[in-house]
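Have a look at the structure below, then the notes.
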Amino acid sequence: MSARTGNDPAMWSRLVGQETAVRILRDAVASGAPGHAYLFVGPQGVGRELAAMALAASLNCPDGGCGECDVCARVLRRSHPDVYTIAPEGAQILVDQVRAVRENAYLSPYEGRVKVFLFEDAHRLNPAASNALLKVLEEPPGDVVFILVTESPEDLLPTVVSRCRRVDFFPLGPAEIERVLVTQHDADPALASWAARTGGDLSTALRFVKDPGAPDRRRAHLDIPGRLVRNGPSESVRIAAELAGEAAAAVSALTKRQKDELARHLEAFGDARATGAARKRVEDRHKREARRVETEVYDSALRDVASFYRDVLLAGAGVPDDALVNTEMAERLRRAAAVADPAWLVGALERIEDTRRALARNVQAVLALEAIFMELGTPRARAGAR
Ligand SMILES: [Zn+2]
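According to my numbering, the residues represented by the sequence shown are 599 to 984, in order.
Here it is, written out as structure tokens:
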């Protein structure tokens, strides 16, 4: 292996298909004067957070982001004490969260050179939080980089946007996703090919290859329209209960991993002065992760069901099999398309979207799922998925 140098691309080479973003950020690091605030714009699952971590590692690793040292490893695990993630509490990023960031930002780094604050879903900054953040961006402390990640910059305060350097990220194609899965995650090539095609984005595809139960769960989700046709609306209660069980299992697996991480994290600080606050910070993040994992289970089930109806719609419009998402069930989709009402399918897809948005706002998940499946299973709907 060649010797590592100060401008080693190891952290950056993990980012596939985002050459422009990587060039902008690496140049900024190389210049020795990176911006105080960045706006990372692009859809989820294309590497925005990974780029943020690569930037944080480049600024703090003694070798400029070698990807192998303890600093890089902890940044990637999100357990470095100078790299902070701010995520929405429920549907919004609240002013109290930004006030805590503001206080923290003016303190010197705990052990590294540069503090990094990553705002996930920055468009969820509420107005008070946006104004609080604007004050910091107007007089940015030294040795601090703010990274705002969003898919909809138009929902941010224009004055906040104007204080940030914008970096765009673009959707990955199936071939790029497949390459990442095989080269960076040691995925089996056949599984990677399937996951890249059906996952739609990198993070979903990655979940498919990391989690051996994922393909079976996806098949179960794709069977939901058929069950509703066969058994009618009463099936909706059973389906919602099954998904709740799936979510509970995902959260319990996560809790186990979180316990390990908390132990590692407290060890990393190794300083009684910081332990209380650090512990609280990790525990808060763990709570948010658990909520997110639960929501993600429901969201992925609804996306799968939507992909079925969308395929039926496309099959009805006469597109070739390889243009469908669920090519492996093309014959069944064509049978469904022969009796489906396109207007109903369009309405069903809209209602599924509404439910996904409602779930993201923390509505009562099981009730919302029962309601949508009830609706999709009513007799008028049955023609949609025979
Ligand atoms: Zn390193």
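We treat Cβ as the ideally placed atom computed from N, Cα and C, and that holds for glycine.
Item	Value
Member of P940, E892 and F744 whose CA lies at the smallest distance from the CA of S850	E892
Inter-stretch contact (C-beta, 8 Å, three-pair minimum) for the stretch 803-822 and the stretch 784-795	yes
3 or more residues per run - each beta strand (DSSP E) lying fully within the stretch 703-757	713-717 and 742-748
Distance between D897 and L770 (C-alpha atoms, nearest Å)	21 Å
Distance between P707 and D680 (C-alpha atoms, nearest Å)	6 Å
Helix, strand or coil at L912 [DSSP, three-state]	helix
T976 - DSSP class collapsed to helix/strand/coil	coil
V669: CB within 8 Å of a non-hydrogen atom of ligand 1	yes
G663: CB within 8 Å of a non-hydrogen atom of ligand 1	yes
Beta carbon of D741 nearer than 9 Å to that of R711	yes
Whole runs of the alpha helix (DSSP H) within the stretch 602-654, excluding any shorter than 4 residues	608-611 and 617-628
Chain-order list of residues whose beta-carbon lies under 8 Å from that of D988 (same chain, five-residue window excluded)	Outside the shown range of the chain, which is 599 to 984, sits residue 988, and nothing can be said about it.
Residues near G975 by beta carbon distance below 7 Å, same chain, minus five either side	L826, G830, P831, E833 and S834
Exposed unless 16 or more other CB atoms sit within 10 angstroms - verdict on P918	exposed
A655 at chain B interface by Cβ criterion, 9 Å	No chain B is present in this structure, which holds just one protein chain.
Opening and closing residue of the beta strand (DSSP E) in which T925 lies	Where T925 is concerned, there is no enclosing beta strand (DSSP E), given that its DSSP letter is neither H nor E.
Spatially closest choice to S760 from D786, R777, A773 and L731, by CA coordinates	L731
Whole-angstrom distance between R777 and R877, CA atom to CA atom	37 Å
Three-state class that DSSP yields for L661 in the structure shown	A quick correction: the sequence has Asp, not Leu, at residue 661. Note: D661 maps to coil in three-state DSSP.
Extent of the continuous beta strand (DSSP E) run through I684	V681 to I684
R959, enclosing alpha helix (DSSP H) - first and last residue	Per DSSP, R959 belongs to no alpha helix (DSSP H) and is neither H nor E.
Whole-angstrom C-beta distance between I684 and L716, which should lie under 8 Å	7 Å
R871 in three-state terms, based on DSSP	Residue placement at R871 cannot be trusted, given a pLDDT of 49 that sits under 50; what the coordinates show is reported in the next sentence. It is helical.
E881 versus H721: straight-line alpha-carbon distance, rounded	24 Å
Endpoints, alpha helix (DSSP H) assigned at R763	Note, R763: premise wrong, no alpha helix (DSSP H); beta strand (DSSP E) at R763 to D766.
Proximity to N702 [Cα-Cα], best of I970, S728 and V734	V734
Cβ pair D719, T757 closer than 9 Å	no
Own chain partners of A812 with C-beta closer than 7 Å, once the 5 adjacent residues on each side are dropped	R805 and F806
Sub-9 Å separation of L986 and Y636 beta-carbons	Residue coverage of the chain in this structure runs from 599 to 984, which leaves residue 986 outside it and unanswerable.
beta-carbon A655 near ligand 1 non-hydrogen atom, thresh 8 Å	yes
CB-CB length for D909 against N924, believed under 8 Å	5 Å
Beta-bridge partners of Q690, as assigned by DSSP	E687
Beta-carbon spacing of P751, H634 below 9 Å	no
Top-ranked residue by Cα proximity to R933, from L864, L755, G945 and L912	L912
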